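Number of protein chains: 2
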Amino acid sequence: MSKATIAVIAAMSAGAGAAATAALYSMRSEKKAEVTTTTTTVVATKGPAVPVPVPASQVFSGNQTTTAPVPVPVPVPVPSPPAIPTTGSSPAAPVNPAGLFEYGFPGPIADLATRQALISSYDRRTKNPQWVVEHITPASLAVRDGDRKNSTFLEDPLIPEKFQAKLKDYFRSGYDRGHQVPAADCKWSQSAMDETFYLSNMCPQVGDGFNRDYWAHFEDFCRRLTTRYPSVRIVTGPLYLPKRDPADNKWYVKYEVIGNPPNVAVPTHFYKVIFAEESTAPGGKVALGAFVLPNAVIPNEKPLSDFEVPLEAVERAAGLEFASKLPVQRRKRLCAETSCSIVVKEYAERQKAFAKGK
Amino acid sequence: MSKATIAVIAAMSAGAGAAATAALYSMRSEKKAEVTTTTTTVVATKGPAVPVPVPASQVFSGNQTTTAPVPVPVPVPVPSPPAIPTTGSSPAAPVNPAGLFEYGFPGPIADLATRQALISSYDRRTKNPQWVVEHITPASLAVRDGDRKNSTFLEDPLIPEKFQAKLKDYFRSGYDRGHQVPAADCKWSQSAMDETFYLSNMCPQVGDGFNRDYWAHFEDFCRRLTTRYPSVRIVTGPLYLPKRDPADNKWYVKYEVIGNPPNVAVPTHFYKVIFAEESTAPGGKVALGAFVLPNAVIPNEKPLSDFEVPLEAVERAAGLEFASKLPVQRRKRLCAETSCSIVVKEYAERQKAFAKGK
């Protein structure tokens, strides 16, 4: 992947100014360069990463489609927990740095929360989720037992009080409490939907023109994928991307922190990594798509494909890895398989619902 | 702790302007309020935090001093690894969000590195350490086998390549590769000192007036604590604190990102949490001090005690916890036990050494 990609993503803005357009075009040409040759990094548990060059044809190969049988949950291997040192020095050393852990391990602790319809990982520093993962299927979306007007926003009691995002932090902040896993994806159960209202599933999002508009249409795009794929997994989360300051030509990350005292970071961008599974049987092909959208007003006319980015760009920016165990042979490129575009429908209807619920 | 403390710390600046001075005074009065009554948060593994009010007299009690015997490494209990969900839904749920982990667990992974003289935890998003812990004793500082002129700065191969801070990111950035565990604390072995030169032990620091001056004097203060305490543990790391913009009265975090493309965050502040152990036997009293310094020129005349902050303020800002297993009965307040002040000595000498080494 071109080294410039992340910088280009960082420069992304929803504005229609010439600079932004140039940045987007430049990103898109980076993307094309990306497709011609790519690199998969194989991470050893305790050793350096070994970059393995992979021909692009193996990354997104094939064009097979399947019909959608009733989905079956896939058994999940338990990821290895991170190793924590017990002694920090050789017997000959005059010091023992690991002795500190007698007073407690500093962390970071990600406050993983496993709920019916989502799993979230929380960042105690930014008081935002790091990622939230969900699973939708034609069957799960067909059931309509939950209604968001019965749900209320909640502080997450699984997070220690001093690291919690608070309802009062959002109050009069000017930002929506923006669902990362959308409530509308969890209508199959009122209690599952209620659980999407924990603040550990929220980020401060620009309301009009983003959370209530383009972002909502993007969420709708994800749901519509279930008409083609029997099982769709989506990881969503915030990013804090640098932007070049023309005054000194340096790159700066700048984001607001809401609350009094300031507590919850306002992300500059949001990502979604989409895994559209062609089959619910183990080992099937997976259409992968990664998107980064600015936390800003985006005109509905903007093509969704403008926001497609290489997966590795999201990984570098987020400090996370999303598909380290997914062999390249099983990967396809979502936007080569299906049209990556939003449908602006039921606009007035949606506005009305949002006005009630937000 | 007063809710305003973190905001006030955030406003801290090394500048001598009236606003900064006001912020520091206000922080200091916050600190006094803090001492009169404080709260310890007991964190349950899977439940909500239970705030337990603790009288201030129990937090920093006693005034006992000890002489310094030869230190003995303390046996370290293994901290519990974080729980990672294996299935994300009840049997009745139509979805299984945990199925995503089949493709790999997203992280975050902290890249703990255990070296002879330090243990570091790395932030793959900011490409800085989260914390670095060291241990110094009168005996360890007495041995002088290592010399920094034999050491070279190194990219850390324990970190996957795509998340590494790189030497080229720092090159011509205008910032020092600022040791978090100082090389000078590890003279007891050349190889131990060499290991402090991994970039996983570095943050971009302002050179003149900070890393080569006030910060160096602060490191010297830590070493001098070993004349009174037989064992001193220090946790050091970066912070990214918000500052109020007078233009719109909102709080913003703003930091530079160095490298081309931008890769390594430039922290706005640095913390040290100091555990000065009165005894090397288990269960002894510990003099605790927490400090937050801006990554900026600080005049040598500025009292070190101006930068003392409540431990909880560092914890909230860093999203970490440093003393969750240290009972309040064992805690004393470092700056009540000893004079928290820098000594500006061997200035020309130090400058010469830095000019060579940095």
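Each protein sequence line maps, in turn, to chains B and X.
The numbering of the first sequence is our numbering, which starts it at 85 and goes up by one.
The numbering of the second sequence is our numbering, which starts it at 85 and goes up by one.
Ideal placement from N, C-alpha and C gives every residue a C-beta, glycine not left out.
Only a predicted model underlies this, so the values are computations on that prediction, with no experimental measurement involved.
Worksheet item: Buried or exposed: which applies to proline 351 of chain X, given that a residue is buried once 16 or more other Cβ atoms fall within 10 Å of its Cβ?
Response: As a working note, residue 351 of chain X is residue 267 in the second sequence. The residue in question, proline 351 of chain X, is buried, as its Cβ has 16 or more Cβ neighbours within 10 Å.
Worksheet item: Is cysteine 424 of chain X helix, strand or coil by DSSP?
Response: Within the second sequence, residue 424 of chain X is the residue found at index 340, counting from 1. Assigned with DSSP and collapsed to three states, cysteine 424 of chain X falls in coil, not helix or strand.
Worksheet item: Quick one: what's phenylalanine 359 of chain X bridged to in DSSP?
Response: By 1-based counting over the second sequence, the position of residue 359 of chain X is 275. In the DSSP output, where bridge partners are listed per residue, phenylalanine 359 of chain X has X:Arg317, X:Leu372.
Practice prompt. Kindly indicate if chain B contains any beta-carbon less than 7 angstroms away from that of leucine 410 of chain X.
Written response: Position 326 of the second sequence, counting from 1, holds the residue named residue 410 of chain X. The beta carbon of leucine 410 of chain X sits closer than 7 angstroms to some beta carbon of chain B.
Discussion item. Alpha carbons only, please: which of X:Arg417, X:Asn384, X:Ala374 is nearest the one belonging to alanine 401 of chain X?
Written reply: Mapped onto the second sequence, residue 401 of chain X falls at position 317. Closest option to alanine 401 of chain X, Cα to Cα, is X:Ala374.
Worksheet item: Are there 16 or more other CB atoms within 10 angstroms of the CB of alanine 176 of chain B, so buried, or fewer, so exposed?
Response: Position 92 of the first sequence, counting from 1, holds the residue named residue 176 of chain B. Exposed: under 16 other Cβ atoms inside 10 Å.
Worksheet item: At least one CB of chain X closer than 7 angstroms to the CB of leucine 184 of chain B: is that the case?
Response: By 1-based counting over the first sequence, the position of residue 184 of chain B is 100. Look at leucine 184 of chain B: its C-beta is under 7 angstroms from a C-beta on chain X.
Discussion item. Rounded to the nearest angstrom, what separates proline 157 of chain B and proline 244 of chain X at their Cα positions?
Written reply: On the first sequence, residue 157 of chain B is found 73 positions in, with the first residue counted as 1. On the second sequence, residue 244 of chain X is found 160 positions in, with the first residue counted as 1. Bear in mind that the predicted position of proline 157 of chain B carries a pLDDT of just 40, short of 50, making it too unreliable to give a figure here.
Worksheet item: For the candidate residues B:Tyr298, B:Arg261, B:Thr311, B:Leu325, whose alpha-carbon lies nearest to that of serine 399 of chain B?
Response: Here residue 399 of chain B is taken as the residue at index 315 of the first sequence, counted from 1. Here the sequence assigns glutamate to residue 399 of chain B, which means serine is not the residue at that position. For the residues B:Tyr298, B:Arg261, B:Thr311, B:Leu325, the minimum Cα distance to glutamate 399 of chain B belongs to B:Leu325.
Worksheet item: If you drop the 5 nearest sequence neighbours on each side, which residues of the same chain put their C-beta closer than 6 angstroms to that of alanine 276 of chain X?
Response: Your numbering for residue 276 of chain X matches position 192 in the second sequence. The beta carbon of alanine 276 of chain X sits closer than 6 angstroms to the beta carbons of Gln200, Ala201, Cys270 from its chain, once the five residues preceding and following it are set aside; these are given in chain order.
Worksheet item: Where glutamine 274 of chain X and phenylalanine 281 of chain X are concerned, what is the direct C-alpha to C-alpha distance, given to the nearest angstrom?
Response: Position 190 of the second sequence holds residue 274 of chain X. Position 197 of the second sequence holds residue 281 of chain X. A straight line joining the alpha-carbon of glutamine 274 of chain X with that of phenylalanine 281 of chain X spans about 11 angstroms.
Worksheet item: What does DSSP give as the partner residues of alanine 349 of chain X in its beta bridges?
Response: Mapped onto the second sequence, residue 349 of chain X falls at position 265. In the DSSP output, where bridge partners are listed per residue, alanine 349 of chain X has X:Val341.
Worksheet entry | Whole-angstrom distance between glutamine 214 of chain B and lysine 356 of chain X, CA atom to CA atom | In the second sequence, the residue the question calls residue 356 of chain X occupies position 272. In the first sequence, the residue the question calls residue 214 of chain B occupies position 130. A direct Cα-to-Cα measurement between lysine 356 of chain X and glutamine 214 of chain B gives close to 26 angstroms.
Item to complete: Please determine, among B:Pro346, B:Ala331, B:Ser315, the residue with the shortest C-alpha to C-alpha distance to tyrosine 336 of chain X.
Response: On the second sequence, position 252 is the one that residue 336 of chain X refers to. Of B:Pro346, B:Ala331, B:Ser315, the residue nearest in Cα terms is B:Pro346.
Item to complete: List the whole-angstrom C-beta distance separating glycine 262 of chain B from asparagine 295 of chain B, where the pair is believed to meet the contact cut-off of C-beta under 8 angstroms.
Response: Numbered from its first residue, the first sequence carries residue 262 of chain B at position 178. Numbered from its first residue, the first sequence carries residue 295 of chain B at position 211. A Cβ-Cβ separation of about 5 angstroms places glycine 262 of chain B in contact with asparagine 295 of chain B under the 8 angstroms criterion.
Worksheet item: What whole-angstrom Cβ distance do valine 216 of chain B and asparagine 285 of chain B have, given they're in contact under 8 angstroms?
Response: The residue labelled residue 216 of chain B in the question sits at position 132 within the first sequence. The residue labelled residue 285 of chain B in the question sits at position 201 within the first sequence. Contact between valine 216 of chain B and asparagine 285 of chain B is confirmed by a C-beta separation of about 6 angstroms, below the 8 angstroms threshold.
Item to complete: Going by DSSP, name the residue or residues bridged to serine 205 of chain B.
Response: Within the first sequence, residue 205 of chain B is the residue found at index 121, counting from 1. Note: serine 205 of chain B sits in a beta bridge opposite B:Trp215.
Worksheet item: Is the distance from the Cβ of phenylalanine 255 of chain X to the Cβ of arginine 208 of chain X below 7 angstroms?
Response: Position 171 of the second sequence holds residue 255 of chain X. Position 124 of the second sequence holds residue 208 of chain X. No, the pair does not count as a contact, with Cβ atoms beyond the cut-off.
Practice prompt. Starting from lysine 233 of chain X, trace the alpha helix (DSSP H) both ways and give me its first and last residue.
Written response: For this step, residue 233 of chain X is matched to residue 149 along the second sequence. For lysine 233 of chain X, no alpha helix (DSSP H) run applies, since DSSP gives it neither H nor E.
Discussion item. Less than 7 angstroms between the C-beta atoms of serine 363 of chain B and threonine 221 of chain B, yes or no?
Written reply: Your numbering for residue 363 of chain B matches position 279 in the first sequence. Your numbering for residue 221 of chain B matches position 137 in the first sequence. Between serine 363 of chain B and threonine 221 of chain B, the C-beta gap is not smaller than 7 angstroms, which leaves the two residues out of contact.
Worksheet item: Does glycine 258 of chain X have its Cβ less than 7 angstroms from a Cβ in chain B?
Response: Your numbering for residue 258 of chain X matches position 174 in the second sequence. Output row for glycine 258 of chain X: interface = no.
Worksheet item: Got a sec, what are the start and stop residues for the beta strand (DSSP E) arginine 256 of chain B sits in?
Response: Walking along the first sequence from the start, residue 256 of chain B turns up at place 172. Bounds of any beta strand (DSSP E) do not take in arginine 256 of chain B, whose DSSP letter is neither H nor E.
Item to complete: Pick out the complete beta strand (DSSP E) segments inside the segment 272-340 of chain B, 3 residues or longer, and give them in chain order.
Response: Whole beta strand (DSSP E) segments, 3+ residues: 286-289, 315-323, 327-329.
Worksheet item: What is the DSSP secondary structure of glycine 183 of chain B, reduced to helix, strand or coil?
Response: Position 99 of the first sequence, counted from the start, is the residue given in the question as residue 183 of chain B. Glycine 183 of chain B falls in the helix class under three-state DSSP.
Worksheet item: Which residues in the same chain have their Cβ closer than 6 angstroms to the Cβ of arginine 183 of chain B, if we skip the five residues on either side of it in sequence?
Response: By 1-based counting over the first sequence, the position of residue 183 of chain B is 99. One detail in the question is off: residue 183 of chain B reads as glycine in this sequence, not arginine. Result list for glycine 183 of chain B: empty, nothing under 6 angstroms.
Discussion item. Per the DSSP calculation, glycine 262 of chain X is bridged to which residue(s)?
Written reply: The residue you call residue 262 of chain X lines up with position 178 of the second sequence. DSSP, once it has assigned bridges, lists X:Cys287 as partnering glycine 262 of chain X.
Worksheet item: In the structure shown, what three-state DSSP assignment does proline 139 of chain B receive?
Response: Translated into the one-based positions of the first sequence, residue 139 of chain B becomes position 55. Unreliable placement is indicated for proline 139 of chain B, whose pLDDT of 32 sits below 50; the coordinate value is still reported in the next sentence. Looking at proline 139 of chain B - three-state DSSP - the assignment turns out to be strand.
Worksheet item: When burial is assigned at 16 or more other CB atoms within 10 Å of the CB, is threonine 320 of chain B buried or exposed?
Response: To locate residue 320 of chain B, count along the first sequence from 1; it is residue 236. So threonine 320 of chain B ends up on the buried side.
Worksheet entry | Rounded straight-line distance, which links the Cα of aspartate 278 of chain X to that of asparagine 234 of chain X | The residue labelled residue 234 of chain X in the question sits at position 150 within the second sequence. The residue labelled residue 278 of chain X in the question sits at position 194 within the second sequence. Each residue's Cα considered, the two are about 8 angstroms apart.
Discussion item. Assuming arginine 417 of chain X is part of the beta strand (DSSP E), what are its boundary residues?
Written reply: Here residue 417 of chain X corresponds to residue number 333 of the second sequence, with the count starting at 1. 415-417 is the extent of the beta strand (DSSP E) around arginine 417 of chain X.
Worksheet entry | Touching by the beta-carbon criterion (3+ pairs, under 8 angstroms), the segment 373-388 of chain X and the segment 422-430 of chain X | Touching, yes.
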